[in-house]
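Residue numbers (UniProt numbering): 1 to 297. Built from N, CA and C at the ideal position, the CB exists for glycine as well. Small disclaimer: the values here were computed from a predicted structure and weren't measured.
And the structure:
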């Protein structure tokens, strides 16, 4: 591990603009609620959760040199998330994500992550051209990676020698971007964190359970796969076989960021030396606590 961090989080770092209503919503609904702006993005959500679990995460991403970007950097630092290795662009604006949530879950969302995609491989320079590593001295720590990167960049990470020794943990940003994780099935160099829908997209077949989906991903080439299925049992498939555990049933008050919390809790548990079953149980409990609203956003 580097002196200033325990884990790197690569991917989207942006402002989340979330509208939440306490009532059920349908298309075209106009209801009272609350609108908040918070640091977000998959990589940022994972980093914030890792910090809550006592780790020191550092970000690799693109953040604009605009007022929104400066404000975002200040918020990251206040939350215990390292920003020293971020790519700060002079001409790309800070990205944003906007979502509407009702009592019946996520209604709609739009991710404006064009700056991250435009920055491309420039966000990886600390790993590919120092100071964190390069092709001859690969980074040997843990990396949490999200699927908001382009397919070309994810494929580069899956094959680049600078990542050959890294403990890669990868999650898609959404079901619509699940197919971007295909390079990690082809090269088998990462632990995948997906939900049942995303697993079905990656394997191009339907599954009845998380256990079936996790096994299906390993059969397709994944080194290891963790699959969640909402409030139904989750599974972890890999060299240890298949572990399936139930979820704690709670009243759902929010959903955005739940998968990121699950992934962060699982990584933190394993970095602390917990065995697979205990790490999965810890992650499920953390996710249940998060969606119930028992901890702050």
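Original post:
What first and last residue would you give for the alpha helix (DSSP H) that runs through residue 223?
Top reply: As a first step, residue 223 is located in the chain shown; it is residue number 223 there, counting from the start. No alpha helix (DSSP H) holds residue 223; DSSP gives it neither H nor E.
Subject >> residue 171 versus 263, 185, 100, 161, residue with shortest Cα-Cα distance >> reply: Residue numbering aside, residue 171 sits at position 171 when the chain shown is read from its first letter. The shortest C-alpha separation from residue 171 is found at 263.
**OP:** Using the Cα positions of residue 315 and residue 204, report the straight-line distance between them to the nearest angstrom.
**Re:** Here the chain covers residues 1 to 297 and nothing more, so residue 315 does not appear.
Subject >> 8 Å contact criterion, which residue 286 and residue 244 should meet: CB distance rounded >> reply: Here residue 286 refers to the residue found at position 286 when the chain shown is read from its first residue. Here residue 244 refers to the residue found at position 244 when the chain shown is read from its first residue. Not quite, the Cβ-Cβ distance comes to about 18 Å (not below 8 Å), so this is no contact.
**OP:** Could you spell out where the beta strand (DSSP E) holding residue 97 opens and where it closes?
**Re:** Residue 97 sits at position 97 when you count from the first residue of the chain shown. Element bounds for residue 97: 96-102.
Original post:
Within the chosen definition, does the stretch 65-85 reach the stretch 37-54 through at least 3 CB pairs nearer than 8 Å?
Top reply: By the Cβ rule, the stretch 65-85 counts as touching the stretch 37-54, because three or more pairs are nearer than 8 Å.
Subject >> Continuous alpha helix (DSSP H) assignments of at least 4 residues falling wholly in the stretch 178-237 >> reply: As far as the stretch 178-237 is concerned, its whole alpha helix (DSSP H) runs of at least 4 residues are 182-187, 196-203, 210-219.
Original post:
Where are the alpha helix (DSSP H) runs, 4 residues long or more, that stay fully inside the stretch 124-183, in chain order?
Top reply: DSSP assignment within the stretch 124-183 yields the following whole alpha helix (DSSP H) runs of 4 residues or more, N-terminal first: 125-128, 151-159.
Subject >> residue 285 - containing alpha helix (DSSP H), residue span >> reply: Taking the first residue of the chain shown as position 1, residue 285 is located at position 285. Element bounds for residue 285: 276-291.
Subject >> Between the CA atoms of residue 73 and residue 266 - distance to the nearest angstrom >> reply: The count along the chain shown starts at 1 and reaches residue 266 at position 266. The count along the chain shown starts at 1 and reaches residue 73 at position 73. Taking C-alpha positions only, residue 266 is separated from residue 73 by approximately 26 Å.
Subject >> Simplified DSSP assignment, three categories, for residue 9 >> reply: For the purposes of this step, residue 9 is taken as the residue at position 9 of the chain shown. If DSSP states are grouped into helix, strand and coil, residue 9 belongs with the strands.
**OP:** List the whole-angstrom C-beta distance separating residue 192 from residue 222, where the pair is believed to meet the contact cut-off of C-beta under 8 Å.
**Re:** Translated into positions along the chain shown, residue 192 becomes position 192. Translated into positions along the chain shown, residue 222 becomes position 222. Correct: roughly 5 Å between the Cβ atoms.
**OP:** Run the CB neighbour count on residue 123, radius 10 Å, all protein chains shown included, and call it buried at 16 or more, exposed below.
**Re:** In the chain shown, counting from the first residue as 1, residue 123 sits at position 123. Buried is the call here.
Subject >> Status (buried if at least 16 other CB within 10 Å, exposed otherwise) for residue 135 >> reply: Looking up residue 135 in the chain shown gives position 135. With fewer than 16 neighbouring CB atoms inside 10 Å of its own CB, residue 135 falls in the exposed class.
**OP:** Reducing DSSP to helix, strand and coil, say where residue 58 ends up.
**Re:** One-based indexing of the chain shown puts residue 58 at position 58. Strand at residue 58.
Subject >> Residue interval of the beta strand (DSSP E) (run including residue 112) >> reply: Looking up residue 112 in the chain shown gives position 112. Here the beta strand (DSSP E) through residue 112 covers 105-112.
**OP:** Enumerate in chain order the residues of its own chain whose CB-to-CB distance from residue 103 is below 8 Å, with the five nearest sequence positions on each side excluded.
**Re:** For this step, residue 103 is matched to residue 103 along the chain shown. Around residue 103: 21, 22, 23, 24, 25.
**OP:** On the DSSP bridge assignment, give the partners of residue 16 in chain order.
**Re:** Taking the chain shown and counting its residues from 1, one reaches residue 16 at position 16. Beta-bridge pairing links residue 16 to 38, 97.
**OP:** Kindly list the residues whose CB is nearer than 6 Å to the CB of residue 127, restricted to its own chain and excluding five residues on each side of it in sequence; keep chain order.
**Re:** Within the chain shown, numbered from 1, the residue matching residue 127 stands at position 127. Result list for residue 127: 133, 139, 162, in chain order.
Original post:
When the Cα atoms are used, what is the spatial distance from residue 315 to residue 120?
Top reply: Summary: the structure shown does not reach residue 315, with the chain confined to residues 1 through 297, and so no result is reported for it.
Original post:
Exposed or buried, what is residue 196 when buried is set at 16 or more other beta-carbons lying within 10 Å of its beta-carbon?
Top reply: Against the chain shown, residue 196 aligns to sequence position 196. Residue 196 should be labelled buried.
Subject >> Residue range of the alpha helix (DSSP H) that includes residue 259 >> reply: As a position in the chain shown, residue 259 is number 259, starting the count at 1. Counting along the chain, the alpha helix (DSSP H) containing residue 259 begins and ends at 258-271.
**OP:** Return helix, strand or coil for residue 115, following the three-state DSSP convention.
**Re:** Against the chain shown, residue 115 aligns to sequence position 115. DSSP places residue 115 in helix when its eight states are reduced to three.
Subject >> Close beta carbons around residue 36, own chain, < 7 Å, minus the five adjacent residues each side >> reply: Residue mapping note: residue 36 aligns to position 36 of the chain shown, counting from 1. Taking C-beta separations shorter than 7 Å and ignoring five residues to either side along the sequence, the partners of residue 36 in its chain run 18, following chain order.
Original post:
Just curious, the beta strand (DSSP E) that residue 72 is in, first and last residue?
Top reply: Looking up residue 72 in the chain shown gives position 72. Judged by DSSP secondary structure, residue 72 falls outside any beta strand (DSSP E) and instead within the alpha helix (DSSP H) spanning 67-78.
Original post:
Tell me which same chain residues have a C-beta within less than 7 Å of the C-beta of residue 113, skipping the five on either side of it?
Top reply: Here residue 113 refers to the residue found at position 113 when the chain shown is read from its first residue. Around residue 113: 12, 14, 95, 148.
Original post:
In the DSSP assignment, what residue or residues form a beta bridge with residue 88?
Top reply: Counting from 1 along the chain shown, the entry for residue 88 is found at position 88. As DSSP reads the structure, residue 88 sits in a beta bridge with 63.
Subject >> Nearest-angstrom Cβ-Cβ length linking residue 291 and residue 258, presumed shorter than 8 Å >> reply: As a working note, residue 291 is residue 291 in the chain shown. As a working note, residue 258 is residue 258 in the chain shown. Going by Cβ atoms, the distance from residue 291 to residue 258 rounds to 5 Å, so yes, they are a contact pair.
**OP:** To the nearest angstrom, report how far apart residue 1 and residue 131 are at their CA atoms.
**Re:** Taking the first residue of the chain shown as position 1, residue 1 is located at position 1. Taking the first residue of the chain shown as position 1, residue 131 is located at position 131. Confidence is the limiting factor: at residue 1 the pLDDT is only 45, short of 50, which leaves the residue's position unreliable and the question unanswerable from this model.
Original post:
Between the Cα of residue 54 and the Cα atoms of 288, 92, 213, 7, which residue gives the shortest distance?
Top reply: In the chain shown, the residue the question calls residue 54 occupies position 54. Out of 288, 92, 213, 7, 7 has the C-alpha closest to the C-alpha of residue 54.
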